[in-house]
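> Structure incoming, see below.
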Amino acid sequence: MSEIKTGGQIIWESLMNEGVEVVFGLPGGAILPTYDDLAKYEYPIHHVLVTHEQGASHMADGYARATGRVGVCIATSGPGATNLITGLATAYMDSVPIMAFTGQVPTSLLGRDGFQEADVQGISLPVTKHNYLITDIRDLPAAIKEAFYIARTGRPGPVLIDVAKDVQQDSMPFTYPETINLPGYNPNLNAPDPAAVSRAARLINEAERPLIISGQGVSIAHAEAELRQLAEKTNIPVATSLLGIGTFPGNHALSISWGGMHGEAYTNFAIQECDVMLAVGARLDDRLTGAFETFAPKAKIIHIDIDPAEMGKNITIDTPVVGDALLALRAMLPQVEPNEHPAWLEQIAEWKSETGHRDILTQETDELVAPYIMRSLWHATDEGDATIVTDVGQHQMWEAQYYYHTKTRSLLTSGGLGTMGYGLPAAIGAQMGKPDEEVWVVAGDGGFQMTMVELSTIMQERLPIKIAIINNGFLGMVRQWQDVFYNKRHAGTPLFNPDFVKLAEAYGIHGRAVTSQAEAYEAIKEAQAHDGPFLLDFQVEEFTNVYPMVAPGKSNADMIRRPAPAMPQGGEE
Amino acid sequence: MNGNGTKRHTMIAWMEDKPGVLNRVASLFRRRNFNIESLAVGHSETPGISRMTFVVNGTDRVMRQVQTQLFKLIEVTRVEDVSGQDAISRELALIRVKADSETRSEVMQIVDIFRARIVHVDMDSVIIQVVGKENQVDSLIQLLSNFGILEMTRTGRVAMVRGAGVAVDTAVSANGNQ
Ligand SMILES: Cc1ncc(C[n+]2csc(CCOP(=O)(O)OP(=O)(O)O)c2C)c(N)n1
Ligand SMILES: [Mg+2]
Numbered sequence: 001m002s003e004i005k006t007g008g009q010i011i012w013e014s015l016m017n018e019g020v021e022v023v024f025g026l027p028g029g030a031i032l033p034t035y036d037d038l039a040k041y042e043y044p045i046h047h048v049l050v051t052h053e054q055g056a057s058h059m060a061d062g063y064a065r066a067t068g069r070v071g072v073c074i075a076t077s078g079p080g081a082t083n084l085i086t087g088l089a090t091a092y093m094d095s096v097p098i099m100a101f102t103g104q105v106p107t108s109l110l111g112r113d114g115f116q117e118a119d120v121q122g123i124s125l126p127v128t129k130h131n132y133l134i135t136d137i138r139d140l141p142a143a144i145k146e147a148f149y150i151a152r153t154g155r156p157g158p159v160l161i162d163v164a165k166d167v168q169q170d171s172m173p174f175t176y177p178e179t180i181n182l183p184g185y186n187p188n189l190n191a192p193d194p195a196a197v198s199r200a201a202r203l204i205n206e207a208e209r210p211l212i213i214s215g216q217g218v219s220i221a222h223a224e225a226e227l228r229q230l231a232e233k234t235n236i237p238v239a240t241s242l243l244g245i246g247t248f249p250g251n252h253a254l255s256i257s258w259g260g261m262h263g264e265a266y267t268n269f270a271i272q273e274c275d276v277m278l279a280v281g282a283r284l285d286d287r288l289t290g291a292f293e294t295f296a297p298k299a300k301i302i303h304i305d306i307d308p309a310e311m312g313k314n315i316t317i318d319t320p321v322v323g324d325a326l327l328a329l330r331a332m333l334p335q336v337e338p339n340e341h342p343a344w345l346e347q348i349a350e351w352k353s354e355t356g357h358r359d360i361l362t363q364e365t366d367e368l369v370a371p372y373i374m375r376s377l378w379h380a381t382d383e384g385d386a387t388i389v390t391d392v393g394q395h396q397m398w399e400a401q402y403y404y405h406t407k408t409r410s411l412l413t414s415g416g417l418g419t420m421g422y423g424l425p426a427a428i429g430a431q432m433g434k435p436d437e438e439v440w441v442v443a444g445d446g447g448f449q450m451t452m453v454e455l456s457t458i459m460q461e462r463l464p465i466k467i468a469i470i471n472n473g474f475l476g477m478v479r480q481w482q483d484v485f486y487n488k489r490h491a492g493t494p495l496f497n498p499d500f501v502k503l504a505e506a507y508g509i510h511g512r513a514v515t516s517q518a519e520a521y522e523a524i525k526e527a528q529a530h531d532g533p534f535l536l537d538f539q540v541e542e543f544t545n546v547y548p549m550v551a552p553g554k555s556n557a558d559m560i561r562r563p564a565p566a567m568p569q570g571g572e573e
Numbered sequence: 001m002n003g004n005g006t007k008r009h010t011m012i013a014w015m016e017d018k019p020g021v022l023n024r025v026a027s028l029f030r031r032r033n034f035n036i037e038s039l040a041v042g043h044s045e046t047p048g049i050s051r052m053t054f055v056v057n058g059t060d061r062v063m064r065q066v067q068t069q070l071f072k073l074i075e076v077t078r079v080e081d082v083s084g085q086d087a088i089s090r091e092l093a094l095i096r097v098k099a100d101s102e103t104r105s106e107v108m109q110i111v112d113i114f115r116a117r118i119v120h121v122d123m124d125s126v127i128i129q130v131v132g133k134e135n136q137v138d139s140l141i142q143l144l145s146n147f148g149i150l151e152m153t154r155t156g157r158v159a160m161v162r163g164a165g166v167a168v169d170t171a172v173s174a175n176g177n178q
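If you're matching them up, the sequences are chains A and B in order.
If you read the first sequence in our numbering, its first letter stands for residue 1, the second for the next number, and so on.
If you read the second sequence in our numbering, its first letter stands for residue 1, the second for the next number, and so on.
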């Protein structure tokens, strides 16, 4: 027997049916009935009050990326909903499953420019996988059921449900639907075309200089083990995309880091010289490929992706394999033959050692630079046993270069949209989803200030998040572009910063400024030993830039590199 | 084929008949700053499924991509580019033309030649209904413009492939989306 429930109750009970334990949000008039039902009926769902709704959507995103489950955020109409948009766009670009609920003005006031009305379905349309405007309570249960299904299946993505206030107050007999009716949605749950798989295997078997690019699709499909088996069986080196970092252990003998605009030079050489490329769950975007027509010019490319719209979007593909990465790799595994590729691996090793001579860590300097901090952090976290959430900028690239990720889903970063302000709130989401995990935020002094209001959320939830600010006094990555492309005119990039340690103190968070290499490791250890959140203000050398660098629209072979010192030493770029 | 490698594509899309669907489709084209030359929407043979025919200029590669992206829309059940296929395409137009006792018979003659029909007559104008290929409709309009066109509306192209089935390689559907 279905009982009579309000729209608000239907939302909470549906969330419980979907196994949701935590939501991130901030109330307002148009969503109040739903909030009231949460309190009135004491649903066992934990609501995390955020400081700004952008934080709510990033938290849902961090929760989803860390756990693989759907993250949920909730906001009121008008400005509450528009504040979510940056987080939705971030999740959309990086295929992250999140659900957003927004309140909308009552149905009778729709389109009449009432207080806090915004066309949220219209605004969110291009940055969501799908969205709904609910003006009739009878549509609500199916919409929620569908929304969760759409968010997490196929190529995941954000889904928004805008619920008119009167719908939240209305009531009807409710049971959560068991079936879904979406005739236009087939999320490719089946195994890929066997002929395509065989063609791909044949190409791999015949390759002399093969290369794997492992993308985030590998972790979405839970195919890390299969990818590793395939690489080990065939002895094929594995590079990742930025979002693919962690899908293959960064310290594995076959790992060749990641490629693209700020990827390792030796990785880019390997990409440009390979004769067969197997790209798995990576969308081959311009930051990875450089100028499309110059990407991997000698390679036959096999592209495994669940989204057929990715096939040939940027790069001409020889063998498209449309389907789930796990099923594709499983099908491919028995068909690929053991191989050695000694000359190819030797060539890559040579490039790698040449790259090492230019590494900033092998150059003698006492200065405190982010690469040193990132490597220290890697050592301090038992060589990769932590989740690192970055913001966007130079520090993000250094984290990705110098922290070897050995666990899947251990680097959360805004790759596609490049959203400054992502780090801190996403880390809160990650820590909520993985309470026992050591979670670090690595943020620039610029991006940190965009969402640092969520420090209060850290305290409210008593989360032991550790924060490393890479404080270079600049919007560093933009300053770097000015250095390289705009004749060092630093328009709008020097920062006027607060005292971050005092700022943390104001929230009740302990902190420490770090000004020298000598203190770095020990300061990280102090933060780890502290029971609770801790902020480290790393006051780094200001003008250090990220190398190598592929200028936009240039080939990956065309890198701007740090000059090699006269006396070559060991290490790597 | 135009100079820049683009050509006119006629696409047919089938989609669930729900609010906002047209917006989603239009949004895909707007994002690339494409101009939709014509767009016709109506019911299909399946209840609850609308059929949309649109004409857009673009390169084959881009249109192929638009096709796969259209198919990603949750409500869209099938998309087909019928440009290269043996398809029948038609358009309907209503044209109000100046016609008094002096010119009426001449107008009627032209209407006859084009197998169009006069569906309404006033003292000083007639409304003509024409169904045909776009170029036929174009020619009729050109001729009628000599008399003075007072008002006009065209439905845009609707199309249907000849023969029983749909050429599999041009239809994105069974292959699933995303
Ligand atoms: C919301 C947003 N605004 C602007 C940019 C452009 N942008 C990219 S990196 C960057 C500088 C980031 O500075 P900071 O956070 O200090 O990090 P750093 O590069 O110095 O490590 C800017 C402004 C962006 N990515 N996101
Ligand atoms: Mg900075």
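Glycine is no exception: its CB is placed at the ideal position from the N, C-alpha and C atoms.
Give the residues of chain A in contact with S27 of chain B, contact being defined as C-beta atoms less than 8 Å apart.
Chain A residues near S27 of chain B: L125, P126.
> Does the count of Cβ pairs from the stretch 545-556 of chain A and the stretch 258-276 of chain A closer than 8 Å reach three?
Flag = yes, the stretch 545-556 of chain A and the stretch 258-276 of chain A touch.
> Would you mind listing the alpha helix (DSSP H) stretches within the stretch 160-245 of chain A that are 4+ residues and don't spill past its ends, in chain order?
Qualifying alpha helix (DSSP H) stretches, in chain order: 165-169, 194-206, 216-220, 224-234.
> Determine, using beta carbons only, whether A142 of chain A and P177 of chain A come nearer to each other than 8 Å.
It is a contact, given that the beta carbons lie within the stated cut-off.
> Cα-Cα, which of A:Q216, A:A231, A:A221 is closest to G246 of chain A?
Of A:Q216, A:A231, A:A221, the residue nearest in Cα terms is A:Q216.
> Taking 8 Å as the CB-CB cut-off, is I524 of chain A touching chain B?
Output row for I524 of chain A: interface = no.
> Please report the distance separating the alpha-carbon of Y403 of chain A from that of P237 of chain A.
Y403 of chain A and P237 of chain A: Cα-Cα distance of roughly 19 Å.
> Answer with buried or exposed for I134 of chain A, where buried requires no fewer than 16 other C-beta atoms within 10 angstroms of its C-beta.
Classification of I134 of chain A: buried, given that the 10 Å Cβ count is 16 or more.
> Out of B:L144, B:N135, B:D138, which one is the CA nearest neighbour of I118 of chain B?
Checked all of B:L144, B:N135, B:D138; the closest Cα to I118 of chain B is B:L144.
> Within the stretch 370-418 of chain A, note down every full beta strand (DSSP E) run reaching 3 residues or more, in order along the chain.
Entirely contained in the stretch 370-418 of chain A, the beta strand (DSSP E) runs reaching 3 residues are, in chain order, 387-390.
> May I ask which residues mark the beginning and end of the beta strand (DSSP E) holding S124 of chain A?
Not the beta strand (DSSP E): S124 of chain A falls in the alpha helix (DSSP H), residues 120-124.
> Quick one: is D169 of chain B near chain A, going by C-beta distance under 8 Å?
Reliability of the predicted coordinates at D169 of chain B is poor, the pLDDT of 43 falling under 50, and no value is obtained from them.
> Just checking D445 of chain A against ligand 2 - is the residue's beta carbon closer than 7 Å to any of the ligand's heavy atoms?
Because some heavy atom of ligand 2 lies under 7 Å away, the Cβ of D445 of chain A counts as near it: yes.
> Looking only at C-alpha atoms, which of A:E273, A:W12, A:E208, A:Q54 sits nearest to H46 of chain A?
The candidate whose alpha carbon is nearest that of H46 of chain A is A:W12.
> Taking a cut of 7 Å between CB atoms, which residues from the stretch 177-195 of chain A lie near chain B?
Going along the stretch 177-195 of chain A in chain order, one finds L182, P183, G184, Y185, N186, P187, N188 with a Cβ nearer than 7 Å to chain B.
> Find the nearest neighbour of D170 of chain A within the set A:N487, A:Q431, A:D136, A:R409, judged by alpha-carbon distance.
Comparing Cα positions, the closest option is A:D136.
> Should G246 of chain A be listed as close to ligand 2, given that the test is whether its C-beta is under 7 Å from any heavy atom?
Answer for G246 of chain A: no, Cβ out of range of ligand 2.
> Does M160 of chain B pass the burial test, meaning 16 or more other C-beta atoms within 10 Å, or should it be called exposed?
Burial call: exposed.
> Output needed in chain order: residues of the stretch 105-122 of chain A with a Cβ under 8 Å from some Cβ in chain B.
From the stretch 105-122 of chain A, only Q121, G122 have a Cβ closer than 8 Å to chain B.
> Suppose you measure from the CA of P47 of chain B to the CA of A93 of chain B; what does that come to, to the nearest Å?
Their backbone Cα atoms lie some 26 Å apart in a straight line.
> Taking only the alpha-carbon atoms, compute the straight-line gap between L230 of chain A and I220 of chain A and give it to the nearest angstrom.
Going by the C-alpha atoms only, they are around 18 Å apart.
> Measure from the C-beta of G20 of chain B to each C-beta in chain A and report whether the shortest distance is under 8 Å.
G20 of chain B counts as touching chain A.
> Hey, is the stretch 332-344 of chain A in contact with the stretch 305-320 of chain A, meaning 3+ C-beta pairs nearer than 8 Å?
Output reads no: the stretch 305-320 of chain A does not touch the stretch 332-344 of chain A.
> Could you check the C-alpha separation between S198 of chain A and E454 of chain A for me, to the nearest Å?
Roughly 50 Å separates the two Cα atoms.
> Step through the CB atoms of chain A and report whether any lies within less than 8 Å of the CB of Q65 of chain B.
For Q65 of chain B, the answer is yes, since a Cβ of chain A falls inside 8 Å of its Cβ.
> In the stretch 242-325 of chain A, which residue ranges form an unbroken beta strand (DSSP E) of at least 3 residues, counting only runs that do not cross its ends?
Whole beta strand (DSSP E) segments, 3+ residues: 255-258, 276-280, 300-305, 319-322.
> Quick one: measure Cβ to Cβ for G80 of chain A and T102 of chain A, integer angstroms, because I've assumed they're closer than 8 Å.
Rounded, the Cβ-Cβ distance is 7 Å, consistent with contact.
> I want to verify the contact list: residues of chain A whose CB lies under 7 Å from the CB of V76 of chain B, in sequence order.
Neighbours of V76 of chain B on chain A, chain order: G184.
> Note down, in chain order, every chain B residue with its Cβ under 7 Å from the Cβ of H130 of chain A.
The answer, in chain order, is I74.
> I'd like to know whether the C-beta atoms of P210 of chain A and L278 of chain A end up nearer to each other than 8 Å.
A contact, by the Cβ cut-off of 8 Å.
> Report the residue from A:T451, A:V540, A:I144, A:G433 whose alpha carbon sits nearest the alpha carbon of R65 of chain A.
Minimum Cα distance to R65 of chain A is reached at A:G433.
> Closest to P106 of chain A by CA distance: which of A:I304, A:L463, A:D166, A:K488 is it?
Per the Cα distances, A:D166.
> Between N177 of chain B and chain A, is there a C-beta pair that is closer than 8 Å?
A caution first: N177 of chain B carries a pLDDT of 40, below 50, which makes its placement in the model unreliable, though a value can still be read off. Yes, contact with chain A.
> In terms of residue numbering, what span does the alpha helix (DSSP H) encompassing L535 of chain A cover?
Segment 534-539 is the beta strand (DSSP E) holding L535 of chain A; no alpha helix (DSSP H) there.
> State yes or no: is the C-beta of M11 of chain B nearer than 7 Å to some heavy atom of ligand 1?
No, the Cβ of M11 of chain B stays beyond 7 Å of every heavy atom of ligand 1.
> I'd like the list of long-range same chain contacts for H490 of chain A, defined as Cβ closer than 7 Å, with 5 residues on each side in sequence excluded.
So the list reads R479, Q482, once near-sequence residues are dropped.
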